[in-house]
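Inspection log for the structure reproduced underneath, given as structure tokens.
There are 2 protein chains.
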Amino acid sequence: MKLGARQIEEFHELGYLFLPDCFSAEEAALLRDEAERIYASSRQEVWREKTGAPRTAFAAHTYNEAFRLLGAHPRLIEPVEQILGEPVYMHQFKVNAKAAFEGDVWQWHQDYGTWARDDGMPEPRAMNIAVFMDEVMAINGPLMLVPKSHRHGTLAAAHDLATTSYPLWTLDKDTVTRLVEQGGIVAPTGKPGAVLLFHGNLVHGSAPNITPYPRRIVYLTLCAVSNYIRTPSRPDWIAHRDFTPIVPVADDALLAHARHKRVAAE
Amino acid sequence: MKLGARQIEEFHELGYLFLPDCFSAEEAALLRDEAERIYASSRQEVWREKTGAPRTAFAAHTYNEAFRLLGAHPRLIEPVEQILGEPVYMHQFKVNAKAAFEGDVWQWHQDYGTWARDDGMPEPRAMNIAVFMDEVMAINGPLMLVPKSHRHGTLAAAHDLATTSYPLWTLDKDTVTRLVEQGGIVAPTGKPGAVLLFHGNLVHGSAPNITPYPRRIVYLTLCAVSNYIRTPSRPDWIAHRDFTPIVPVADDALLAHARHKRVAAE
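Chains as they are written, first to last, in this note's numbering: chain D, 415 to 680; chain B, 415 to 680.
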């Protein structure tokens, strides 16, 4: 899948790009089922909220076939290669739960801040891709982005080890206020299968989810191969060390897997 | 101000009624200014979040002229008298802050649950009126309502003394899920000056506000005079003991006060 010139321009202008109909309902349903199987397991890669509800599962593309196919999907890999201008590898892969009633806050942050400080990534030449597994609504803790905030480089941040179960380099109120005065806040909403690409320096966060509607999102972080991490400090299932360029699978690979699984179950 | 037959029907059907243009920008600005003065004081009526940010100020109509006028405003008193069919008195008056970055959650609850259990109010013949002082947006912790949930009577609840600084009788996840399956969730958004009336048994809550946009709302609880509280256990500045019917002020009283204050300041 290739982006048009206007889409690429929009990405550079605002720092994100929303693709509402990237994956089908059937593909999204497969991912939801597989996510639940993973959350129910007791792997070290599954992190939980303080309440015990799942918060995120790392590296699912390394131990689950559906997420392996998603992690090499041409609808995700090709647009990012186009923007970064070279092959990409998988720096991080997270299946975030934002569970019904219990999904906790993600404070305002830039992801590249963490990749630089904790992993030694030389430049912000890596991209986040959010794949919606559930409908993301205004009310169930949607991802909030500060448009244009990616143009400010890597901002000063503090290491928040207390607010949630996930350590995060977070921005202070004055910084967020200043950036929001310039760019506002958007919270793209959409159906399962929608995709949101955003720059590694784009400021984002999300409020807790107090509704009965879960808001599960897969996050791929695709990094330009030449921009591989130099001084990783986190485990290799959080910040991957396999810098091999991703070879995309066939466009229908995920769908074929969903159908195969359904036939096998019948 | 009188409601039309269709508005009254809608209220009984859904449990709430939204009036987007009830007060002017000038009237709302006065209320915001006065709210900030109150939050900056150290009165016992001002309760704070665990972070120290203001959460709510009780009984402001008893010690602040602008809120006194709001608490007797015909645009609020008359519609509620119309629905309840008799004169009303002020059971509770709260100026809720939902402060930028720090405004914490209000868990799912019915207000009448608290009025019955803590104050001995005989029947759910009291109404909440929310007056928006700031723009309420989808992103800054809007009030969320479960339409039609007021038809289920007073639901079993647990006394939550831990989650926030405010003790609250809250509903469990199964109950909320069941009601949301029937009625969905709405989160009315609107400009400063908008008003939301809702039934004392309507299930509602709000997520934390992590944005730089404060979301200040005044809540009046107007109770039918014959339904006065019988066995109050909370202080009289939380659950009032003055059951005198409210005599509405002039429709322009709040606006006149705003202009008078502005002239005096010049």
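Yeah, the Cβ is synthetic: ideal placement off N, Cα and C, and Gly gets one too.
Since we're looking at a predicted model, the values are computed, not measured.
(request) Can you pull the chain B residues whose beta carbon is under 7 Å from the beta carbon of I599(D), in chain order? (result) Here residue 599(D) corresponds to residue number 185 of the first sequence, with the count starting at 1. Near I599(D) (Cβ distances below 7 Å), the residues of chain B are I553 and T625.
(request) Could you please tell me which residues of the stretch 501-517 of chain D, in chain order, have their CB closer than 7 Å to any CB of chain B? (result) F515
(message) Please state whether the Cβ-Cβ distance between P649(D) and T591(B) is less than 8 Å.
(response) On the first sequence, residue 649(D) is found 235 positions in, with the first residue counted as 1. On the second sequence, residue 591(B) is found 177 positions in, with the first residue counted as 1. No.
(request) Give a yes or no on whether 8 Å exceeds the smallest Cβ distance from T591(D) to chain B. (result) Start at 1 with the first residue of the first sequence, and residue 591(D) comes out as number 177. Answer yes: the Cβ-Cβ gap between T591(D) and chain B drops below 8 Å somewhere.
(request) Go to H573(D), then tell me how far its beta strand (DSSP E) extends in each direction, as first and last residue. (result) Locating residue 573(D) in the first sequence gives position 159, where the first residue counts as 1. Its beta strand (DSSP E) spans residues A572 to D574.
(request) Give the interface partners of A473(B) over in chain D, defined as CB-CB distance under 8 Å, in chain order. (result) The residue given as residue 473(B) occupies position 59 in the second sequence. Neighbours of A473(B) on chain D: none; closest Cβ ~28 Å, over 8 Å.
(request) Could you say which of L616(B), D447(B), G604(B) and L557(B) lies nearest to A480(B) if we only look at CA atoms? (result) To locate residue 480(B), count along the second sequence from 1; it is residue 66. Closest option to A480(B), Cα to Cα, is D447(B).
(message) If the criterion is Cβ atoms closer than 8 Å, does the pair Y550(D) and L484(D) meet it?
(response) Within the first sequence, the letter at position 136 stands for residue 550(D). Within the first sequence, the letter at position 70 stands for residue 484(D). Note on identity: in this sequence residue 550(D) is Val, with Tyr being the wrong assignment. For V550(D) and L484(D), no; Cβs fall outside 8 Å.
(request) With H426(B) as the anchor, note down where its alpha helix (DSSP H) starts and where it stops. (result) Translated into the one-based positions of the second sequence, residue 426(B) becomes position 12. Note, H426(B): alpha helix (DSSP H), A419 to L428.
(request) Could you tell me which residues DSSP pairs with I412(B) in its beta bridges? (result) Absent from the model: residue 412(B). The displayed extent of chain B is 415 to 680, so no value can be given.
(request) Check each residue of the stretch 574-590 of chain B: if its Cβ is closer than 9 Å to any Cβ of chain D, include it; give the result in chain order. (result) K587 and V590
(message) Contact between the stretch 585-602 of chain D and the stretch 629-645 of chain D is defined here as three or more beta-carbon pairs at a separation below 8 Å; is this criterion met?
(response) no
(message) Does the structure place the stretch 530-546 of chain D close enough to the stretch 420-439 of chain B that three or more beta carbon pairs sit under 8 Å?
(response) no
(request) Mark T470(B) as exposed unless 16 or more other C-beta atoms lie within 10 angstroms of its C-beta, in which case mark it buried. (result) Translated into positions along the second sequence, residue 470(B) becomes position 56. It is buried - the Cβ of T470(B) has at least 16 other Cβ atoms within 10 Å.
(request) Using 10 angstroms around the beta-carbon of D666(D), count the other beta-carbons present and answer buried if the total reaches 16, otherwise exposed. (result) Within the first sequence, the letter at position 252 stands for residue 666(D). By the neighbour-count rule (16 or more Cβ atoms within 10 Å), D666(D) is not buried but exposed.
(request) Taking only the alpha-carbon atoms, compute the straight-line gap between V617(D) and H566(D) and give it to the nearest angstrom. (result) Within the first sequence, residue 617(D) is the residue found at index 203, counting from 1. Within the first sequence, residue 566(D) is the residue found at index 152, counting from 1. The alpha-carbon atoms of V617(D) and H566(D) are separated by roughly 10 Å.
(message) Here's a check: name, in chain order, each residue in its chain whose Cβ is nearer than 6 Å to the Cβ of W529(B), leaving out the five neighbours to either side.
(response) Stepping through the second sequence from its first residue, residue 529(B) is reached at position 115. So the list reads M535, once near-sequence residues are dropped.
(message) Does the stretch 579-587 of chain B come into contact with the stretch 513-532 of chain B, if we say contact requires no fewer than three beta-carbon pairs (one atom in each stretch) closer than 8 Å?
(response) yes
(message) Once the 5 residues before and after P646(D) are set aside, which same chain residues still bring their CB inside 7 Å of it?
(response) Start at 1 with the first residue of the first sequence, and residue 646(D) comes out as number 232. Correct list, in chain order: D533, G534, A653 and R655.
(message) Tell me whether the stretch 599-608 of chain D and the stretch 439-458 of chain D touch, counting them as touching only if at least three CB pairs, one residue from each stretch, are closer than 8 Å.
(response) yes
(request) Decide if E423(B) is buried, meaning its Cβ has at least 16 other Cβ atoms within 10 Å, or exposed. (result) For this step, residue 423(B) is matched to residue 9 along the second sequence. Result: exposed.
(request) Return the chain-ordered ranges of every beta strand (DSSP E) run that is complete within the stretch 449-491 of chain D and spans a minimum of 3 residues. (result) 460-462 and 468-472
(request) Please list, in chain order, all residues of the same chain as M547(B) whose beta carbon is under 7 Å from its beta carbon, the five residues on each side excluded. (result) Here residue 547(B) refers to the residue found at position 133 of the second sequence. Closer than 7 Å at Cβ, skipping near neighbours: A442, L445, R446, A449, P606, R630, I631 and V632.
(message) Would P628(D) and A511(D) be called neighbours here (beta carbons separated by less than 8 Å)?
(response) On the first sequence, residue 628(D) is found 214 positions in, with the first residue counted as 1. On the first sequence, residue 511(D) is found 97 positions in, with the first residue counted as 1. Yes, Cβ-Cβ distance for P628(D) and A511(D) is below 8 Å.
(request) Tell me whether the beta-carbon of F515(B) lies closer than 8 Å to the beta-carbon of I599(B). (result) The residue you call residue 515(B) lines up with position 101 of the second sequence. The residue you call residue 599(B) lines up with position 185 of the second sequence. Going by C-beta atoms, F515(B) is not nearer than 8 Å to I599(B).
(request) Would you mind reading off the limits of the beta strand (DSSP E) that contains G619(B)? (result) What you label residue 619(B) is simply residue 205 of the second sequence in a count that begins at 1. Per DSSP, G619(B) belongs to the beta strand (DSSP E) from H618 to S620.
(request) Grab the span of the beta strand (DSSP E) containing W583(B) for me, first residue to last. (result) Locating residue 583(B) in the second sequence gives position 169, counting from the first residue. Run containing W583(B): L582 to T584, per the beta strand (DSSP E) assignment.
(message) So with CB distances below 9 Å, who are the chain B contacts of P622(D)?
(response) Reading the first sequence from its first residue, position 208 is the one you call residue 622(D). In chain order: V519, A621, P622 and I624.
(message) Since M541(B) and G614(B) should fall inside the 8 Å C-beta cutoff, what is the C-beta to C-beta distance between them, to a whole number of angstroms?
(response) Looking up residue 541(B) in the second sequence gives position 127. Looking up residue 614(B) in the second sequence gives position 200. Indeed they touch by this definition, with Cβ atoms about 6 Å apart.
(message) Beta-carbon within less than 6 Å of V509(D)'s beta-carbon, same chain only, minus the 5 sequence neighbours each way: which residues are those?
(response) Reading the first sequence from its first residue, position 95 is the one you call residue 509(D). Once the five neighbours on either side are set aside, the close Cβ partners of V509(D) are A449, A471, A474 and V632.
(request) Using a threshold of 8 Å, state whether the C-beta atoms of G499(D) and G555(D) are closer than that. (result) Counted from its first residue, the first sequence places residue 499(D) at position 85. Counted from its first residue, the first sequence places residue 555(D) at position 141. It is not a contact, given that the beta carbons lie outside the stated cut-off.
(request) Anything in chain B within Cβ reach of V594(D), meaning under 9 Å, just list it in chain order. (result) Stepping through the first sequence from its first residue, residue 594(D) is reached at position 180. Chain B residues near V594(D): T625, P626 and Y627.
(request) At 9 Å on the CB atoms, spell out the chain B contacts of M415(D), in chain order. (result) For the purposes of this step, residue 415(D) is identified with residue 1 of the first sequence, where counting begins at 1. The contacting residues do not exist; M415(D) stays about 30 Å from chain B at best.
(message) Please report the straight-line C-alpha distance between K416(B) and A664(B), rounded to a whole angstrom.
(response) Stepping through the second sequence from its first residue, residue 416(B) is reached at position 2. Stepping through the second sequence from its first residue, residue 664(B) is reached at position 250. Whole-angstrom Cα-Cα distance: 14 Å.
(message) Does the CB of V558(B) have a neighbour CB from chain D at under 8 Å?
(response) On the second sequence, position 144 is the one that residue 558(B) refers to. According to the sequence as given, residue 558(B) is Met; it is not Val. Answer yes: the Cβ-Cβ gap between M558(B) and chain D drops below 8 Å somewhere.
(request) Could you name the residues of the same chain whose beta carbon sits closer than 6 Å to that of I491(B), not counting the 5 residues immediately before and after it, in chain order? (result) Reading the second sequence from its first residue, position 77 is the one you call residue 491(B). These residues qualify, in order along the chain: I660 and P662.
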